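Data block below; observations after.
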Amino acid sequence: MTAGAAKKKKNAAKSEDFRLSIVCDADTLRSLVRKKAVRLVDVRKADDYQKGHMPTAVSLPLARVLENDAPEKIVAIMDELGISDSMPVVIYDDTFGALAARVAWTFQYVGHTNTALLEMTFRQWKELGLETETQARTYPKAEHSLNINKNIYADASYVESAKSQQGKLLVDSRERLNFLTEHIPGAKNIPYTMVGSNGSILRKAEDLKRFIGNRGITSDSEIITYCGSVGTLSGLTYYALKLAGFQNVKLYPKSFKEWKALGKPKEEFKDATYWDLSAE
Amino acid sequence: MKKPTVNPRQKGVSLPKPNPKWGREEETEVFAKKVKLFRQGKISEDDFRRFRLQHGAYGSRLHMDYSMVRIKVPGGEMTPDQIEKIASLSEAFSIGSAHVSTRQNIQLHWVQLEDVSEVMRGLVEAGLTTREACGNTIRNVMCSHFAGVCPDEAFDATPYSKAIARFFLRNPMCQNLPRKFKINFSCCDKHGLVRIADIGLVPAVREENGSMVRGFKVYLGGGLGAASFIGHLLEDFTPEDRLLSTCMATVRLFDRHGNRENMARNRMRYLVHETGWEKFQKMVLKERSIVEMTTSYSTAKMFDVKAQEDTRQLPKAPRMAKLPVLNEQVTKESPAFERWLHTNVVSQKQNGYFTVFVTLGAGDITASQLRVLASAIRDYSAEGIARNTPQQNFAIRYVRGTDLRDFYEKLASAGLANPGALTIASAVGCSGTTSCNLAITNSHRLAKEVQRRFLELGLDTDDSLCDATIKISGCPNSCGQHEIATIGFFGGATRMNNSMTPTYTLLFGGSAGEQGELGKAAMRVPAKRVIDTILKVVELYRQQKSENETLHQWITKVTKGQGIAGIKNLEDMKAALAQVIQLPTPEQDPDAYRDYGSDSQFSAKTARGECAA
Chain D
197 MTAGAAKKKK
207 NAAKSEDFRL
217 SIVCDADTLR
227 SLVRKKAVRL
237 VDVRKADDYQ
247 KGHMPTAVSL
257 PLARVLENDA
267 PEKIVAIMDE
277 LGISDSMPVV
287 IYDDTFGALA
297 ARVAWTFQYV
307 GHTNTALLEM
317 TFRQWKELGL
327 ETETQARTYP
337 KAEHSLNINK
347 NIYADASYVE
357 SAKSQQGKLL
367 VDSRERLNFL
377 TEHIPGAKNI
387 PYTMVGSNGS
397 ILRKAEDLKR
407 FIGNRGITSD
417 SEIITYCGSV
427 GTLSGLTYYA
437 LKLAGFQNVK
447 LYPKSFKEWK
457 ALGKPKEEFK
467 DATYWDLSAE
Chain U
5 MKKPTVNPRQ
15 KGVSLPKPNP
25 KWGREEETEV
35 FAKKVKLFRQ
45 GKISEDDFRR
55 FRLQHGAYGS
65 RLHMDYSMVR
75 IKVPGGEMTP
85 DQIEKIASLS
95 EAFSIGSAHV
105 STRQNIQLHW
115 VQLEDVSEVM
125 RGLVEAGLTT
135 REACGNTIRN
145 VMCSHFAGVC
155 PDEAFDATPY
165 SKAIARFFLR
175 NPMCQNLPRK
185 FKINFSCCDK
195 HGLVRIADIG
205 LVPAVREENG
215 SMVRGFKVYL
225 GGGLGAASFI
235 GHLLEDFTPE
245 DRLLSTCMAT
255 VRLFDRHGNR
265 ENMARNRMRY
275 LVHETGWEKF
285 QKMVLKERSI
295 VEMTTSYSTA
305 KMFDVKAQED
315 TRQLPKAPRM
325 AKLPVLNEQV
335 TKESPAFERW
345 LHTNVVSQKQ
355 NGYFTVFVTL
365 GAGDITASQL
375 RVLASAIRDY
385 SAEGIARNTP
395 QQNFAIRYVR
405 GTDLRDFYEK
415 LASAGLANPG
425 ALTIASAVGC
435 SGTTSCNLAI
445 TNSHRLAKEV
455 QRRFLELGLD
465 TDDSLCDATI
475 KISGCPNSCG
485 QHEIATIGFF
495 GGATRMNNSM
505 TPTYTLLFGG
515 SAGEQGELGK
525 AAMRVPAKRV
535 IDTILKVVEL
545 YRQQKSENET
555 LHQWITKVTK
565 GQGIAGIKNL
575 EDMKAALAQV
585 IQLPTPEQDP
595 DAYRDYGSDS
605 QFSAKTARGE
615 CAA
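Residue numbers (the numbering used here), protein chains in the order written: chain D, 197 to 476; chain U, 5 to 617.
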């Protein structure tokens with residue numbers, strides 16, 4: 197090994213120690229990219245990735261994750277993308293962070309502990325005039341361990357038992373009118389539209405804390421988030437709650453679609469014709 | 005957040021500033037705390053309701069966990085920044101759209117009670133408030149959207165309306181009136197809703213000692229509701245320096261003598277009616293003298309018209325080689341731009357400037373449309389503001405004739421360039437069963453269906469129909485202002501063929517303005533026959549009208565029993581419509597017995613209204 201390579205390796209090793217926050221800002225990301233000390237993951241469609249992506253990013257369309265989200269499969273994907281246990285991972289999309297959140301959660305579920313969502317979408321990145329490239333990136337295969345993090349996962353039976361338990365709270369991330377129409381009994385609505393703001397996929401922690409505080413939810417509560425079908429919107433809410441300081445948050449990734457398919461009970465509200473307020 | 009930019013064409017004109025201290029941050033914090041105390045059972049439901057309403061949050065239909073947040077917009081005047089803020093708040097906390105009311109408020113529906121304080125917080129940042137938008141208070145002060153540009157006005161009433169709004173907001177003298185209290189300013193005798201307000205004001209000038217003095221014609225004791233009254237003229241002329249004392253005297257009399265027992269009959273119009281106008285008039289004039297003799301100088305100074313004046317010098321509009329063809333006849337087949345020009349644009353008293361109307365469906369506008377609207381206002385309105393209108397549309401003023409095409413294209417890109425804003429097609433509809441506790445029928449959807457159908461048929465292009473109005477309320481209370489419509493409707497429930505059916509009571513011959521009259525109830529029409537009934541009326545009119553007679557004129561004549569051809573009076577009209585309102589049996593056509601927006605059997609469900617705290 198040459199002296200230069202050794203130095204490079206040392207630097208890389210040092211950067212790999214870098215602990216990401218839940219949301220990574222553009223400056224931090226760019227400096228990590230320069231140091232080659234981050235795996236940047238683009239979860240948009242493959243076509244969009246080919247047309248242009250952030251520098252050094254690898255492509256992992258969300259659909260590939262959802263196709264088969266068995267933990268072993270996910271680890272195999274991470275290996276393929278060159279994501280080791282210690283490699284910081286930053287994820288972005290063009291869907292206000294919801295797709296990125298779902299992938300980040302999946303990585304955490306199989307045992308990765310250093311992931312972040314990029315604060316902005318690809319469109320915003322481009323609007324700021326930041327650099328992009330079209331070259332498809334590949335990296336040497338890594339070996340990620342499998343270490344399932346059961347604490348952040350909920351399935352239908354867990355949700356069913358939780359909804360009657362003190363200190364456990366079910367949060368529906370869908371928009372208000374969908375929630376009013378039908379939801380899992382006892383769920384509270386925090387629409388995904390509440391947690392983002394102009395220019396950032398998640399609002400500031402103090403705002404999120406205040407929103408949740410307004411609802412009288414105490415920070416020691418266990419919260420399970422769900423949404424309409426595959427856990428994207430609720431994935432974003434999952435991270436909003438983490439950012440707001442909640443320690444015990446779980447995602448029900450199969451969400452309301454599975455709940456309904458299983459024929460589980462629903463709460464409905466049919467006494468108002470609220471859909472007719474829509475201007476579309 | 006993106007910094008608002010001003011189009012180069014608007015160079016030299018600064019954007020208007022929002023009303024300082026209109027919204028208050030401390031009120032949002034107090035609200036959030038009170039919600040928690042209420043949820044913890046530490047405040048009674050009645051007390052909390054009073055508090056909530058004072059802050060502009062209504063309970064939503066049959067679901068008290070949600071509120072309708074009413075944003076008070078004096079004169080309907082909104083800046084692009086405010087419009088964008090409302091867009092963001094509607095996305096974050098409401099249903100992704102906002103709604104223009106018939107009193108120039110903007111309403112956000114289905115906001116979770118716990119989020120109301122956050123909506124309020126956002127509004128404060130934009131210089132808006134919900135304070136006293138509901139409850140037994142002085143509600144939003146209205147002002148004609150033409151004020152300042154109306155060719156027939158004596159002067160611009162806008163700063164007066166804003167100064168009155170500012171004076172009474174949070175003023176201890178009107179925090180707990182017997183009932184709500186409404187003040188409307190008009191520009192001229194035609195526009196505005198002065199005869200259906202507690203206080204209605206028409207700008208007027210009079211010569212005094214060789215100089216022209218500004219003042220108002222003041223109408224008192226009007227209002228729509230289960231029982232409606234037209235306001236009375238207080239005196240020939242009320243000079244501007246007596247405007248405040250006249251308003252204060254009226255409010256004080258109402259506060260002192262108004263009925264606090266019978267909620268159904270405690271608007272000031274009942275007090276005026278029961279007292280008798282002449283006696284009430286004397287009481288007001290006497291009380292006004294007392295107010296003038298006892299009010300402190302500093303209190304009177306809080307009413308500051310000067311501070312509300314828009315002193316910006318707007319540039320002159322460029323001369324146009326060819327004026328836009330606003331008045332040329334259009335048809336359904338005309339190019340969309342021409343049809344829009346004809347039915348949505350009017351010229352202003354300022355040469356070369358035009359007021360453009362944005363047609364909404366029953367006042368609904370999405371967040372993304374609001375953003376396009378805000379951007380269009382920055383680009384094309386020299387005054388840089390919008391006014392929302394009691395017809396549930398937006399009026400964008402000071403648009404140069406040379407910019408009309410570009411402005412149209414921009415609106416069209418967001419689906420905001422529907423024609424028909426100033427025609428019969430622009431039907432008004434209150435929120436109805438979409439969110440209101442009192443509603444029996446889905447008046448909101450019906451108004452949108454009327455509009456859709458009429459635009460399809462091209463009725464907006466028939467100039468003889470355009471002075472007629474259609475206004476629909478979902479119950480006998482008059483948020484849809486059905487009594488001042490040429491053809492008005494209010495919702496109810498009727499058993500027909502042994503099946504509960506959503507129906508509307510049809511009223512004919514109402515009108516707004518200084519000569520405004522109330523419509524006369526004629527008959528009940530099943531909800532699903534309303535559109536056919538109106539079309540039948542149009543058909544009858546076309547058969548029977550005299551030359552150059554408009555639909556509104558014809559209906560007014562018939563309502564007064566002065567028809568000349570086959571239909572002489574309302575009885576004839578009813579007979580001519582009898583066929584249209586027939587329903588097949590419920591077995592033959594179950595849908596005819598359902599309300600709009602519902603696929604199940606109709607039942608009239610209502611809960612306690614909150615129009616009175």
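The beta carbon of each residue, even a glycine, is placed where N, CA and C say it ideally should be.
Quick caveat, the model's predicted, so the values are computed rather than measured.
So, are the CB atoms of His59 of chain U and Arg135 of chain U less than 8 Å apart?
With contacts defined by Cβ atoms closer than 8 Å, His59 of chain U and Arg135 of chain U form a contacting pair.
On the DSSP letters alone, give me the boundaries of the alpha helix (DSSP H) that Lys305 of chain U sits inside.
Tyr301 to Lys305 is the extent of the alpha helix (DSSP H) around Lys305 of chain U.
Given a cut-off of 8 Å on the beta-carbon distance, is the pair Phe445 of chain U and Pro506 of chain U in contact?
According to the sequence as given, residue 445 of chain U is Thr; it is not Phe. With respect to Pro506 of chain U, Thr445 of chain U sits close: the two C-beta atoms are nearer than 8 Å.
Just to confirm, is the Cβ distance from Glu118 of chain U to Val34 of chain U under 8 Å?
The answer is no: Cβ separation not under 8 Å.
How is the alpha helix (DSSP H) around Trp455 of chain D delimited, first residue to last?
Element bounds for Trp455 of chain D: Ser451 to Ala457.
If you draw a straight line from the alpha carbon of Asp193 of chain U to that of Lys37 of chain U, how long is it in whole angstroms?
Note on geometry: alpha-carbon atoms of Asp193 of chain U and Lys37 of chain U lie some 46 Å from one another.
Against chain U, with Cβ distances strictly below 8 Å, would Arg372 of chain D count as a contact?
Closer than 8 Å to some Cβ of chain U, the Cβ of Arg372 of chain D qualifies, so yes.
In chain order, which alpha helix (DSSP H) runs of at least 4 residues are fully inside the segment 108-156 of chain U?
You should have 120-129.
Tell me, to the nearest whole angstrom, how far the beta carbon of Phe361 of chain U is from that of Leu426 of chain U; I am working on the premise that it is less than 8 Å.
Contact holds; Cβ gap of about 6 Å.
What span of residues does the alpha helix (DSSP H) with His448 of chain U cover, start to end?
Start and end: Ser447 to Leu461.
Counting contacts by CB-CB distance shorter than 8 Å, is Ala467 of chain D in contact with chain U?
It should be pointed out that residue 467 of chain D corresponds to Asp in this sequence rather than to Ala. The beta carbon of Asp467 of chain D sits closer than 8 Å to some beta carbon of chain U.
Could you compute how far the alpha carbon of Ala418 of chain U sits from the alpha carbon of Asp290 of chain D?
Near 22 Å, if we compare the C-alpha coordinates of Asp290 of chain D and Ala418 of chain U.
Cβ-based burial, Leu458 of chain D [other Cβ within 10 Å; buried from 16]
Under this definition Leu458 of chain D is an exposed residue.
Measuring only between beta-carbons, confirm whether Leu477 of chain D sits less than 8 Å from chain U.
This structure does not reach residue 477 of chain D, given that chain D is present from 197 up to 476, and the question cannot be answered.
Between Met500 of chain U and the rest of its own chain, which residues show a CB-CB distance below 8 Å, the 5 nearest in sequence each way excluded?
Hits under 8 Å: Thr507, Pro530, Leu587 and Tyr597.
Taking Cβ-Cβ distances shorter than 9 Å, what residues in chain D pair up with Ile444 of chain U?
Chain D residues near Ile444 of chain U: none, gap ~12 Å exceeds 9 Å.
Quick one: what does DSSP say Asn347 of chain D is sitting in, helix, strand or coil?
Helix at Asn347 of chain D.
For a contact defined as C-beta to C-beta under 7 Å, what are the partners of Gly363 of chain D on chain U?
Near Gly363 of chain D there are no residues of chain U at all, since even the closest Cβ is about 17 Å away, more than 7 Å.
Please list the partners that Leu574 of chain U has in chain D, where partner means a Cβ-to-Cβ separation under 8 Å.
Per Cβ cutoff of 8 Å: no residues; Leu574 of chain U is ~31 Å from chain D at best.
Between which two residues does the alpha helix (DSSP H) containing Ile568 of chain U stretch?
Ile568 of chain U: not part of any alpha helix (DSSP H); DSSP gives it neither H nor E.
Going by the DSSP bridge assignment, what does Thr370 of chain U pair with across the sheet?
When beta bridges are read from the DSSP output, Thr370 of chain U appears opposite U:Ser101.
What residues from chain U crowd round Ala475 of chain D, counting only those whose CB sits closer than 8 Å?
Correct list: Ser101, Leu364, Gly365, Asp368, Ile369, Thr370 and Gln373.
Can you check whether the C-beta of Met5 of chain U is within less than 8 Å of a C-beta belonging to chain D?
Residue confidence for Met5 of chain U is low, a pLDDT of 37 falling below 50, so the modelled location carries little weight and cannot support an answer.
What do you get for Asp538 of chain U, buried or exposed, if any count of 16 or more other CB atoms within 10 angstroms of its CB means buried?
Per the sequence shown, residue 538 of chain U should be read as Ile rather than Asp. Burial check for Ile538 of chain U: the Cβ neighbour count within 10 Å reaches 16 or more, so the residue is buried.
Using beta carbons (cut-off 8 Å, strictly below), is Thr389 of chain D in contact with chain U?
Chain U contact via Cβ: present.
According to DSSP, simplified to helix, strand and coil, what is Lys337 of chain D?
It is coil, neither helix nor strand.
Hey, Asp259 of chain U and Pro182 of chain U are a contact pair by Cβ (cut 8 Å); roughly how many whole angstroms apart?
Right, their Cβ atoms sit about 7 Å apart.
So, Ala472 of chain U versus Leu555 of chain U, is the Cβ gap smaller than 8 Å?
Their beta carbons are under 8 Å apart, which means Ala472 of chain U touches Leu555 of chain U by this criterion.
Might you give, ordered along the chain, the residues of its own chain that have their beta carbon closer than 8 Å to the beta carbon of Lys337 of chain D, omitting 5 neighbours on each side?
So the list reads Asp275, Glu276 and Gly278, once near-sequence residues are dropped.
Of all the options D:Leu404, D:Tyr349, D:Gln320 and D:Pro267, which has the alpha carbon lying nearest to the alpha carbon of Asn444 of chain D?
Per the Cα distances, D:Tyr349.
Own chain residues within Cβ distance below 6 Å of Lys460 of chain D, not counting five before or after:
Nothing listed; no residue qualifies.
For chain D, is any of its Cβ atoms less than 8 Å away from the one on Gln312 of chain U?
Taking a beta-carbon distance threshold of 8 Å, Gln312 of chain U does not count as an interface residue toward chain D.
Using a beta-carbon distance below 8 Å, is Trp321 of chain D in contact with chain U?
No, Trp321 of chain D lies away from the interface with chain U (no Cβ there is under 8 Å from its Cβ).
Could you tell me whether any Cβ in chain D is nearer than 8 Å to the Cβ of Trp114 of chain U?
So yes, Trp114 of chain U belongs to the interface.
Contacts of Glu413 of chain U in chain D (Cβ-Cβ under 8 Å)
The premise fails here: Glu413 of chain U is roughly 20 Å from chain D at the closest Cβ pair, so nothing lies under 8 Å.
Counting only beta-carbon separations shorter than 8 Å, does Thr32 of chain U have a partner in chain D?
So, not an interface residue.
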